[in-house]
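Our numbering puts the first residue of the sequence shown at 233, with every later residue one more than the last. Beta carbons: idealized from backbone N, C-alpha and C, even for Gly.
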Amino acid sequence: MYRKTSYTLHAMVTPDPPHISGDRWSGQELSVSLFQEVKPICVELSSKAVLPRGELKLNSPQISRLLKQLVATLKDHYYLHNEKTLYILTPKIADYVFFPISCLLKSPDVLDESITTSILQAIRFLIDHCWATGDMDIMADQMLPLVLFLVQGNKLDTGSFESQKTVIDCISSLMRHSSMEYFSENPRRLSWLGACITLNLDIMESVGKVKGHDETALVNEILVSLRYLLSRNMSGAQTSEVFPGVSSRVIKFATSTSGLHVDVYINILKLLQAIIISVLNDEALGATLVNENDTNIESIKLTLDASETNNVPITFTNESKLPKGWHKATSEQLLLLLTVFFKDLLKNPNKSKMIYTHIAFSDTLHTFFVSIMENCFLSLFEGCVPLFLDSIVLLISHGPTNGRTLKIKSVVNEIVHGVTMSDHNKIQLFHDLVQKKLEDLVLNKMPTVLLSTDESRILDYLCSVEVHFQLLVSLSHDIHSNNHSEFGAKILLNLRDNLCKSYSFSRIQNQSSTSYKSSSLSSVSEHTLDGIDLGPNINTKSIVTNNKASKTEEFKPSQKMLSLSHNWSHYQNTIVTNEAASTQLFSGVFTIDVESQIALLVQSVVSSNAWTSTELIQLTETLLSQSHHGSNRTTTYQRLADGISLWIAKLILQVQQTKTDVQLDDFLDLEDADLDTSSNELLYLIMSNSQDVIESASREIESPEELSPESRQLVNVTEKSVAVAMDTVAELSAHFTVAEFQEMFLMDNLYTLFEGVASQSEIVRSSSLYALSEIVRNYYHGSIENLVKDNSDYIVDSLSLRLSSANTFTLTMPSILLIIIKVTGKQLLLQNQLSDILTQMFIIIDSYHGYSALVECFFIIFDELISQVAVDYINANVLEDTSESQFAPWGMSSVDELLNLLADSGRVVDPFAKYDSEREYFKRKEGVPFAEQLEDSDDEEESEPETNNEEETYSSPIPKTIYFTLQKIYVYGFRLLTSPSVALKRQILATLRTTYPLLATEYSLVMPLVAEQWPTLISVASGQFEESSVHNSTLTTSALELAITMVCEDKKHSERFLGSRFIESWTYLKKVVLFNASDRHLFTPAIRKLVVKYLLEGLITYGKTVPDSVSYTMLEACVRLGLPEDQVLTRDMKNILWAINYQ
């Protein structure tokens, strides 16, 4: 069992210390040095080892101590000299050290775990540094059974960690130094191989339960040792004996043990890869692909033999060396094992995360799949090859999304190259397999998967279709087949149809669940109303709720216009800064990740270089045309199909344009215009379809309030379709010139874009903003003002046409007009481009003034237009107080100015100082008495000079055309103050307040209007037009603000035109103050402050023209309502207040 020594331990003569030259030690010198250190230990250990068995057992502690000391001395000597020289010892020192050990081995029942562990450590040292230089196979024949005997006898495989590690180290050293043919040369040694493998696996399962660093290192060492053991030069039959047991136990260990280190998984994959290739490689099994076209007898026989056992024509010429049915049973067992292993590895979140955070792990997986498919493609074709493809899909699907398409192409190229490199005949077989799987995915699994609510399942499926299609494209190229384009079209058409079904089903489910939830919530409690628990004493079923509302209250376009006006600056900033995003078509059906992967799948299908431009155009035409076919389809389904088809066409356009740009950049050939022509044809095709979708759906978007509840799904689908069309237009805007895009789209559809911005649908508004953003970025340098200016004729004509007919007028039109006014209203007004629109608006007001909601919208537009005019022509606040004296035009505001006036009073002024004797001041009419010279003022001859004189005296900075437009708005506003609508009157008063300072810039033209409308204003302010007993305080507030504005303009222009009217207004206001001052509900604090402000401003402005008695009652009312402490008062007003306070 072990080598006998030819000398006794005591017969050895102690040599002299070696003479060492420099730092290099020879093997003899190292042996002598080591001998001197271990001699005392070996002598003492030998003396204990030769004792009788009874005494030997009593001395086991001393023996264990001596063995540990011996092992420590050996290791210390190695660490001391290993770095200086090649550490190789002579066989004699090995025999000397092994002698006491051999004595101990004669009494194996005395050896405990500690002694056996030390013996194995010493044997490993001798193997590595002494016996390795000789015939190691002979030494292995002696030592391997000895080691196995010691391990089994003392159960070291279940012992301490140190014992287990020692066993593995010792066996690994023996195998490492033995020859590669060690097991194949002698069949007797195969039993030892099985024992070694079993021992490694037992220890691995035992140690793997502990998650320490040392335990992980030992598991990795075991896996490496197993891989080395099974990589020996053995026949397939020999390796097949241990293959099932090793693979099953390793995979069971990997799936049942949690928390394994990433290095353990890497070594498991490497072990499985090595053993699978060793046992099931095509070359070893003689796997060949039978050519069914051969007519010779041998080929026919092979085909028949293959068809009896397989579904594919594969035969194994070397299978006779293995047991019958071995290949089928082994491959099926391997398929089950690998299915469990990869399902656990790739679908377990914790384990799959390790794959993507450790590049080495991911690379090892890729190498595993590629290597096995390269070497075992035929032998594992029926079971494991499809599994490997599905596993690759999971590996890619659960990985990072960035660069996924490139990753797929890289993996596909590696697989195809690996499979076809060994045998070119495998391409057709592989092609048929991929085609069959792809057909199943597209035709059978797609409807079920897209209806699933499991996001992960859908993502895995989409990745699977993409991987298999890329494989089909690559393999088709190798076999010169063109069926990939047919499959690409089949994928996209089926995808479109199934997306329609998924969308429809999802919407139906949502409506059903919503209906169920609302009905269930209504019956939750008898004491709950609107989700609020009112307590046990109130039965909500007895409460009558008034759910009836007028159509005007349900749909308030004025509120929507005000919201649009408020949000326009945000919308404009979104357009200019390109912050708008494209539409999420399947929101509420799929998540953003799923929709993104669907888009990537479409782009991956059409991005292959195998597609020609003509084929892509034909595919797009098929998509867009077939969406309209089908007699059994509802309008909703057809509209949905249109939107999804256009969405897919937009993705095709993106890919096609990317390919065109690359090709034109790399190869500039001006003579070859085929590519450009086909690209333009695709652009025109998609543009035409986009316009059709927008035009056909515009009516349903414009008037959603007219649709029945059953048609709500159609509205939602229509909105999505329009949004997709808008996004497509945004994409197309980058591929036409300005003139082409204007002619094709802007002339007819710019109005529709602004209509989308004004839409109440969030998705339509977002897509319209996105389209405008892309258009202004591509054509107008990011300026929406330039867009409107350049296309003002088109948009103005569209508005005029729609305003001129009741059939084309909609309640969204005022919102569109408001947007145009906000963008370039002042410029259009100066260019007289709004005249027709404003004329039509006034005609509509005259014709439909009873529709208060419509008229209110118009006055919101007027208010915006007036505000823009005021920016340039009115700089000061209309209610801002001036510091001028009330004694205008003298303009005295201080005592010094008064003294200067008095100093000049003595100066004699010549009344004819400015008389010009040469000038003709008056032309006398011949034959007319002097008294009648001025009476004939209506003569036609004299009317023209007077008109010219008026034109010469027009002093307003506002252009005349704009001024008279404002005057017309002012007149219409006062005329409509008799409307019963409170909201309309409130808006009119706000508009009039903005308009009046502009009209007051030419005071001579505004005074007649004020004289006519002043009673109406005071009546509104005092509540005379209110039919109900409860006066609306907001109208009083608005009217008082306008009255204050008029008084302030009188003050600013040093006029006293409204002096008498101010005094008359007190007659009406006095009643309101006296009878309603105590009513907090009607006479609000805001009204109190405005009444006081109105009275004080009037007294300051008109001063002495107001009688003292009237001033007294006015100031008395101000004191009662609350006089501001910081109010500036005149001297007369202060005197009156003193009299009031001390009366």
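Pairing residue 417 with residue 275, the inter-Cα distance amounts to about 40 Å.
Assignment of residue 450 by DSSP, reduced to helix, strand and coil, places it in the helix class. Short of 6 Å from the beta carbon of residue 959, and not among the five residues preceding or following it, lie these beta carbons of its own chain, in chain order: 814, 815 and 999.
The beta carbon of residue 576 sits closer than 8 Å to those of 486, 487 and 583, all from its chain and outside the five residues before and after it, given in chain order.
Between the alpha carbons of residue 961 and residue 1027 lies a gap of roughly 18 Å. Of the other Cβ atoms in all chains shown, fewer than 16 fall within 10 Å of the Cβ of residue 592; this residue is therefore exposed. DSSP places residue 546 in the uninterrupted beta strand (DSSP E) bounded by 546-548. Per DSSP, the beta-bridge partners of residue 520 are 547. Bounds of the alpha helix (DSSP H) holding residue 423 are 421-439. About 5 Å separates the beta carbons of residue 949 and residue 872, which is inside the 8 Å limit, making them a contact pair.
When Cβ pairs closer than 8 Å are counted between the two stretches, the stretch 266-281 is seen to touch the stretch 327-337, the count reaching three or more. Comparing alpha carbon positions, the residue from 1195, 995 and 459 closest to residue 509 is 459.
Collapsing the DSSP output to three states places residue 956 in a helix. Going by DSSP, residue 363 is part of no alpha helix (DSSP H) at all; its letter is neither H nor E.
Distance from the CA of residue 430 to the CA of residue 424, rounded to the nearest whole angstrom, comes to 10 Å. Ranked by Cα distance from residue 687, the first of 736, 639 and 820 is 820. In this structure, DSSP gives residue 316 a state outside helix and strand, which the three-state scheme calls coil.
Nearest to residue 415 by C-alpha distance, out of 470, 381, 394 and 371, is 470. Of 479, 799 and 1326, the smallest CA-CA separation from residue 504 is found for 479. If you compare the alpha carbons of 413, 320, 975 and 1101 with that of residue 1226, the shortest gap goes to 1101. Residue 712 is positioned such that its CB atom lies no closer than 7 Å to that of residue 705. Per the C-alpha coordinates, the member of 1375, 1356 and 1320 positioned closest to residue 1344 is 1375. The C-beta separation of residue 361 from residue 320 comes to about 6 Å, placing the pair in contact by the 8 Å criterion. Per DSSP, the unbroken alpha helix (DSSP H) holding residue 1092 starts and ends at 1084-1105. For residue 1005, the closest of 1087, 1075 and 811 by C-alpha to C-alpha distance is 811. For the 7 Å CB-CB criterion, residue 506 and residue 548 do not form a contact. Measuring C-alpha to C-alpha distances from residue 845 to each of 830, 1089, 967 and 915 identifies 915 as the nearest.
For residue 1073, the enclosing alpha helix (DSSP H) stretches over residues 1067-1079. Cβ neighbours of residue 1193 within its own chain (closer than 7 Å, five residues either side excluded): 1064.
Counting only residues of its own chain and dropping the five nearest sequence neighbours on each side, residue 483 has a CB closer than 7 Å to the CB of 569, 572 and 573. Where residue 1322 is concerned, the enclosing alpha helix (DSSP H) starts and stops at 1317-1334. Per DSSP, reduced to three states, the secondary structure at residue 1367 is helical. Counting only residues of its own chain and dropping the five nearest sequence neighbours on each side, residue 868 has a CB closer than 8 Å to the CB of 736, 945, 946 and 949.
A straight line joining the alpha-carbon of residue 1103 with that of residue 1061 spans about 14 Å.
Collapsing the DSSP output to three states places residue 1232 in coil.
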